[in-house]
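A.B. asks: Here it is, the structure, as structure tokens.
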Amino acid sequence: MVVETGSLGVNMSLDILVRRFPETGAVEPAEREHHVPAPLAAVFGRMAGRTLAEGFLRLHTPASAHESYALCARLIGGLEGRFFPFAFDWSGRELLFDVRDPEARPRYVIMVDPEEGEHYTTDLGLDDFWVVVADEDEDALAFDYFDEWRKANPGAGPVGFDQVVGYKVPLSLGGADDVANLELTGRQVYVELCAQIALQLRES
1 MVVETGSLGV NMSLDILVRR FPETGAVEPA EREHHVPAPL AAVFGRMAGR TLAEGFLRLH
61 TPASAHESYA LCARLIGGLE GRFFPFAFDW SGRELLFDVR DPEARPRYVI MVDPEEGEHY
121 TTDLGLDDFW VVVADEDEDA LAFDYFDEWR KANPGAGPVG FDQVVGYKVP LSLGGADDVA
181 NLELTGRQVY VELCAQIALQ LRES
């Protein structure tokens, strides 16, 4: 995934994202929250707890980010101290940013997929990543698939901050990758189950 956008800055790139996927809900961070790494302070300051496009994308609160950090660290060796979650998508995939010293290396976004127990590198900085997510041609987080599921399940309503659209039968256990095998479910229970299955399969 490569894009030529230059450095737009966090506010401009988030403006592009929100124009494409408007804010449709929010949970307010607690008054006394966890610390977030300095490179992500602007994102959390503006967008913490926000839901975009009826649940297509959710921006973490500091508390939910720390919960996801623990899960991602279990799945991906060497992640601790290097990457930190800032958002998660409709299917429960976690988005993390390199929070190490920017002078030492280029920093980029990675995606951790609990269902697969794997992570993927985007080769994009944070600002460029928002622009790519907003690009209809890229469809980086499978908005079209999310939209297909919503149209097939009009009674499901918006995906809540504590929910995901997950597989009824996980792909790793032979489930089909189609809309009929998707359901709205609790996020924490689903991602924990996915992590357990992924770790068990890795050890077998």
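Under full-length UniProt numbering, the residue at position 154 of the sequence shown is numbered 154, and the numbers go up by one with no gaps. All residues carry an ideal CB built from backbone N, CA and C; glycine is no exception.
1. With burial defined as no fewer than 16 other Cβ atoms inside 10 Å of the residue's Cβ, what is the status of Arg-187: buried or exposed?
2. Give me the Cα-Cα distance between Glu-80 and Glu-118, rounded to the nearest whole angstrom.
3. Note down, in chain order, each residue of its chain lying with its Cβ closer than 7 Å to the Cβ of Leu-17, except the 5 sequence neighbours on either side.
4. Apart from the five residues on each side of it in sequence, which residues of its chain come closer than 7 Å, Cβ to Cβ, to Glu-28?
5. Please classify residue 218: does DSSP put it in a helix, a strand, or coil?
6. Taking the beta strand (DSSP E) that Phe-86 falls in, what are its first and last residues?
7. Whole-angstrom Cβ separation of Gln-99 and Phe-84, contact assumed at under 8 Å?
8. What residue range is occupied by the uninterrupted beta strand (DSSP E) comprising Tyr-190?
9. Buried or exposed for Glu-115, please, with buried defined as at least 16 other CB atoms from any protein chain shown within 10 angstroms of its CB.
10. Spatial neighbours of Thr-5 within its chain, please: CB distance less than 6 Å, with the 5 preceding and 5 following residues excluded, ordered by chain position.
11. Which residue spans inside the segment 85–139 form an unbroken beta strand (DSSP E) run of at least 3?
12. Under 7 Å, do Asn-153 and Lys-168 count as touching if we go by C-beta distance?
13. Please go through the same chain and pick out, in chain order, the residues whose beta-carbon is closer than 7 Å to the beta-carbon of Tyr-69, but skip the five residues on each side of it.
14. With a 10 Å radius around its C-beta and 16 neighbouring C-beta atoms as the bar for buried, classify Val-2 as buried or exposed.
15. My output table needs one value for Ala-26: the three-state DSSP class, helix, strand or coil.
16. Report the three-state DSSP secondary structure of Leu-79 (helix, strand or coil).
17. Measuring CB to CB, does Leu-40 end up less than 7 Å from Phe-97?
C.D. replies: By the coordinates alone:
1. buried
2. 15 Å
3. Trp-130, Val-133, Ala-134
4. Gly-49
5. In the structure as shown, the chain begins at 1 and stops at 204. Residue 218 is therefore absent and cannot be evaluated.
6. 83–89
7. Contrary to the premise, residue 99 reads as Val rather than Gln in this sequence. With a Cβ gap of about 5 Å, Val-99 and Phe-84 count as contacting.
8. Where Tyr-190 is concerned, there is no enclosing beta strand (DSSP E), although the alpha helix (DSSP H) it sits in stretches over 187–203.
9. buried
10. At Thr-5 the pLDDT is 43, less than 50, meaning the model places this residue with poor confidence and gives no usable figure here.
11. 94–98, 109–113, 118–121
12. no
13. Phe-84, Pro-85
14. Any reading at Val-2 must be qualified, since the residue scores a pLDDT of 35, below 50, and its modelled position is unreliable; no value is offered.
15. strand
16. coil
17. yes
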